[in-house]
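Novice: Here's a structure for you.
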Amino acid sequence: LTFGNFGKTICYKGPEESSIEALFKEEVVMELASLSNTEKKFFTQFVLSYVYKWMKVGNVNTTEEFKYAILVDEAHNIFLKDRPTFISETVADVIFREIREYGVSLISLDQHVSKLSDVVAGNSATNVAFQQMLPADIEVISRLMQLQDRKAYFTKLPVGVAIVRLVERHHEPFLVKAPLVKLKSCGVDDAALQDRMKGLLKQSRRREVFRKSVQEEELAKKLANMEYTFVQSGVEPDAATAKEHARMKEAQDAAWRAQERHEEKRKGRSQGIGIRSHLQQKILDDVKKRLSNGESLQDLKKWYEHAGYKRADVLHVFRYVKKKGLERRYGKIQKQEAPELLDLTEDQLALLKEARSRPELPVTALYKAAGFSPRKGNAVRKQLEDLGVVVVESVRTEKGWTKHVSIQYTPELTKILTTS
9 LTFGNFGKTI CYKGPEESSI EALFKEEVVM ELASLSNTEK KFFTQFVLSY VYKWMKVGNV
69 NTTEEFKYAI LVDEAHNIFL KDRPTFISET VADVIFREIR EYGVSLISLD QHVSKLSDVV
129 AGNSATNVAF QQMLPADIEV ISRLMQLQDR KAYFTKLPVG VAIVRLVERH HEPFLVKAPL
189 VKLKSCGVDD AALQDRMKGL LKQSRRREVF RKSVQEEELA KKLANMEYTF VQSGVEPDAA
249 TAKEHARMKE AQDAAWRAQE RHEEKRKGRS QGIGIRSHLQ QKILDDVKKR LSNGESLQDL
309 KKWYEHAGYK RADVLHVFRY VKKKGLERRY GKIQKQEAPE LLDLTEDQLA LLKEARSRPE
369 LPVTALYKAA GFSPRKGNAV RKQLEDLGVV VVESVRTEKG WTKHVSIQYT PELTKILTTS
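For our numbering, count along the sequence shown from 1 and bump the result up by 8.
As structure tokens, this is what we get:
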């Protein structure tokens with residue numbers, strides 16, 4: 009599960025990863041033809057188990073209303089009739105029997121009904137049988153349809169005609185004819201499929217970013233309203249309100265830091281940077297005017313981050329200003345551009361020196377090398393992240409994903425590390 013292309017897919021962590029929860033938002037087809045039988049069984053049972061556990065912990069209430077449908081083709085690979093003697097019931101059988109209470113219809117398709125477990129046959133309210141030729145299949149399906157004395161019918165069915173039996177409504181079996189659907193004659197190669205999936209994944213990521221941005225804006229509004237109430241009333245908040253205020257501010261700062269790191273990574277993947285909307289152009293024009301009036305770029309950035317603008321637009325404009333050198337053109341550069349770097353504590357310097365001399369160490373090992381406990385190390389690292397001195401990056405190694413501290417070097421920081 010950790011080697012080869014299948015292992016890379018299962019263990020993948022990155023911008024194009026998908027969650028099981030996202031499967032409930034759209035129609036999804038999982039093509040497993042290129043996997044081995046063992047990989048097919050593992051992946052299918054993993055998805056079914058995750059869905060079942062996810063619903064069972066309370067994400068979906070029990071209901072008699074139909075909500076979702078899961079189709080399993082070549083079902084004999086999952087719902088085994090001949091299982092090991094030490095297993096009384098497989099996980100797939102348990103899921104097939106119990107998942108219906110959450111409004112999920114589990115539909116099994118197979119060419120040989122005789123290979124399916126008794127749990128599938130005994131818990132299926134609808135049975136559809138097309139032409140059958142294998143004696144074992146005819147025997148099993150005729151018993152399910154209550155047509156033991158007319159089992160010859162199953163060998164005489166023409167193509168497209170099936171016998172259907174329902175547990176409710178129609179108690180007697182009846183015939184149905186499926187309409188002929190012409191299949192496309194052209195094949196679909198892997199390259200075309202990859203191009204299709206890239207577009208779908210990009211749309212999914214855009215929707216997720218939009219959802220998070222909306223949550224972030226709502227949190228910023230609540231925080232601003234709470235601070236305004238404190239100022240206008242002149243009343244000190246009680247302990248519970250102060251704690252909630254601190255929690256909201258911490259959550260907002262964490263969301264902004266995460267978005268800033270995301271934007272920085274996206275910046276590294278892009279070919280260039282430019283103003284992309286009229287709103288960013290408006291921010292840029294205003295920044296130029298205020299730089300000309302003597303305001304510092306650092307103070308302007310802090311002001312815009314709390315002025316109601318989208319965090320992504322603010323970050324993009326200020327990166328553009330730095331890249332184009334607009335601060336030197338329009339503003340007055342102070343000699344001491346990053347005073348917080350001159351006030352680094354001993355703990356912060358110790359962690360920076362270890363990260364500089366041993367960049368290959370993961371975060372936990374770096375804390376140990378600096379003489380910090382995990383709790384203290386996290387606190388010092390977060391202080392440095394707030395100062396913009398370091399970022400945490402995920403690196404793929406032979407043993408899996410590890411997190412590393414990456415120093416964001418500036419001339420001032422380099423001077424401090426070399427002289428201290």
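Just so it is clear, CB atoms sit at the ideal spot from N, CA and C, and this is done for glycine as well.
(1) For residue 401, list the residues DSSP reports as bridge partners.
(2) Below 8 Å, how does it come out for the stretch 133–140 and the stretch 157–168: are there three or more Cβ pairs, yes or no?
(3) Can you look up residue 462 in the DSSP assignment and give me helix, strand or coil?
(4) Spell out the partners DSSP gives residue 185 in its beta bridges.
(5) Considering residue 75, what are the terminal residues of the beta strand (DSSP E) in which it resides?
(6) Between the stretch 376–385 and the stretch 393–412, can you find at least three pairs of beta-carbon atoms closer than 8 Å?
(7) With C-beta atoms as the reference, is residue 356 less than 7 Å away from residue 321?
(8) Which runs of the alpha helix (DSSP H) fall wholly inside the stretch 276–339 and span at least 4 residues, in chain order?
(9) Could you round the C-beta distance between residue 359 and residue 389 to whole angstroms and report it? I think they count as a contact, below 8 Å.
(10) If you draw a straight line from the alpha carbon of residue 203 to that of residue 306, how long is it in whole angstroms?
(11) Could you work out which residue in 26, 35 and 103 is closest to residue 56 when comparing CA atoms only?
(12) Could you pull out every residue in the same chain whose Cβ sits closer than 8 Å to the Cβ of residue 280, ignoring the five residues on either side in sequence?
(13) Quick one: residues in its chain with C-beta nearer than 8 Å to the C-beta of residue 175, no 5 flanking neighbours on either side, listed in chain order?
(14) Count the other C-beta atoms from every protein chain shown that fall within 10 angstroms of the C-beta of residue 123, then say buried if there are 16 or more, exposed otherwise.
(15) With 16 as the cutoff for other CB atoms within 10 Å, does residue 101 come out buried or exposed?
(16) So, is residue 348 buried or exposed, given that buried needs 16 or more other C-beta atoms within 10 angstroms?
(17) Within 10 angstroms of the Cβ of residue 401, are there 16 or more other Cβ atoms? Answer buried if so, exposed if not.
(18) Alpha carbon to alpha carbon, what distance is there between residue 182 and residue 89?
(19) Quick one: what does DSSP say residue 133 is sitting in, helix, strand or coil?
(20) Could you tell me if residue 74 is buried or exposed, where buried requires 16 or more neighbouring beta carbons within 10 angstroms of its beta carbon?
(21) Using the rule of at least 16 other Cβ atoms within 10 Å of the residue's Cβ for burial, across every protein chain shown, is residue 80 buried or exposed?
(22) Check whether the Cβ atoms of residue 338 and residue 376 lie closer than 7 Å to each other.
(23) Please report the distance separating the alpha-carbon of residue 397 from that of residue 423.
(24) Please state whether the Cβ-Cβ distance between residue 86 and residue 52 is less than 7 Å.
(25) Mind checking which residues open and close the alpha helix (DSSP H) that includes residue 362?
(26) Does the ligand FAD have a heavy atom nearer than 6 Å to the CB of residue 327?
(27) Using only CA atoms, which one of 26, 150 and 167 lies nearest to residue 180?
(28) DSSP three-state call for residue 58: helix, strand or coil?
(29) So the alpha helix (DSSP H) residue 14 belongs to, where does it begin and stop?
(30) Going by DSSP in three states, residue 110 sits in which element: helix, strand or coil?
(31) Could you tell me whether the Cβ of residue 258 comes closer than 7 Å to any Cβ of chain D?
(32) What is the residue span of the alpha helix (DSSP H) that residue 386 lies within?
(33) For residue 425, name the three-state secondary structure that DSSP assigns.
(34) Using the Cα positions of residue 426 and residue 42, report the straight-line distance between them to the nearest angstrom.
(35) Is it buried or exposed for residue 63, if we count other Cβ within 10 angstroms and need 16 for buried?
(36) With 16 other CB atoms within 10 Å as the buried threshold, where does residue 44 fall?
Specialist: The relevant details are as follows:
(1) According to DSSP, residue 401 bridges with 412.
(2) Judged by pairs of C-beta atoms under 8 Å, the stretch 133–140 touches the stretch 157–168, as three or more such pairs exist.
(3) Any question about residue 462 goes unanswered here, given that the chain covers just 9 to 428.
(4) Residue 185 pairs with 169.
(5) Its beta strand (DSSP E) spans residues 71–81.
(6) With a cut-off of 8 Å, the stretch 376–385 and the stretch 393–412 do not count as touching, because too few Cβ pairs lie within range.
(7) No; because the gap between Cβ atoms is not below 7 Å, this pair is not in contact.
(8) List check, alpha helix (DSSP H) in window: 286–300, 305–313, 319–332 and 334–338.
(9) With a Cβ gap of about 7 Å, residue 359 and residue 389 count as contacting.
(10) Distance between the alpha carbons of residue 203 and residue 306 is about 42 Å.
(11) Comparing Cα-Cα distances from residue 56 to each of 26, 35 and 103, the minimum goes to 103.
(12) In this prediction, residue 280 scores a pLDDT of 46, lower than 50, which makes its location untrustworthy; the coordinate-derived value is nonetheless stated afterwards. Non-local C-beta neighbours of residue 280 in its own chain, meaning closer than 8 Å and more than five positions away in sequence, are absent.
(13) Sequence-distant Cβ neighbours of residue 175 in its own chain, meaning closer than 8 Å and more than five residues away, are 133 and 134.
(14) By the C-beta density criterion, residue 123 is buried, having at least 16 other C-beta atoms within 10 angstroms.
(15) Taking all protein chains in view, the Cβ of residue 101 is crowded by 16 or more other Cβ atoms within 10 Å, so the residue is classified as buried.
(16) Only weak support exists for where residue 348 lies, its pLDDT of 44 falling under 50; the value from the coordinates is given anyway. So residue 348 ends up on the exposed side.
(17) With fewer than 16 other Cβ atoms within 10 Å, it is exposed.
(18) So the two alpha carbons sit approximately 27 Å from each other.
(19) It is coil, neither helix nor strand.
(20) Per the 10 Å Cβ criterion, exposed.
(21) By the Cβ neighbour-count rule, residue 80 is buried, with 16 or more other Cβ atoms within 10 Å of its own.
(22) For the pair residue 338 and residue 376, the CB atoms are not nearer than the 7 Å cut-off.
(23) When rounded, the separation of the alpha-carbon atoms in residue 397 and residue 423 is 13 Å.
(24) Yes, Cβ-Cβ distance for residue 86 and residue 52 is below 7 Å.
(25) Unbroken alpha helix (DSSP H) run through residue 362: 354–365.
(26) Ligands displayed in this structure: none; no statement on the ligand FAD is therefore possible.
(27) Out of 26, 150 and 167, the CA that lies nearest to the CA of residue 180 is found in 150.
(28) DSSP places residue 58 in helix when its eight states are reduced to three.
(29) Annotation: the continuous alpha helix (DSSP H) that includes residue 14 extends over 12–18.
(30) Of the three classes helix, strand and coil, the one that applies to residue 110 here is strand, per DSSP.
(31) Looking for chain D here will not work: only one protein chain is present.
(32) 382–394 is the extent of the alpha helix (DSSP H) around residue 386.
(33) Helix, per DSSP.
(34) For the pair residue 426 and residue 42, the Cα-to-Cα distance works out to about 54 Å.
(35) So residue 63 counts as buried.
(36) Per the 10 Å Cβ criterion, exposed.
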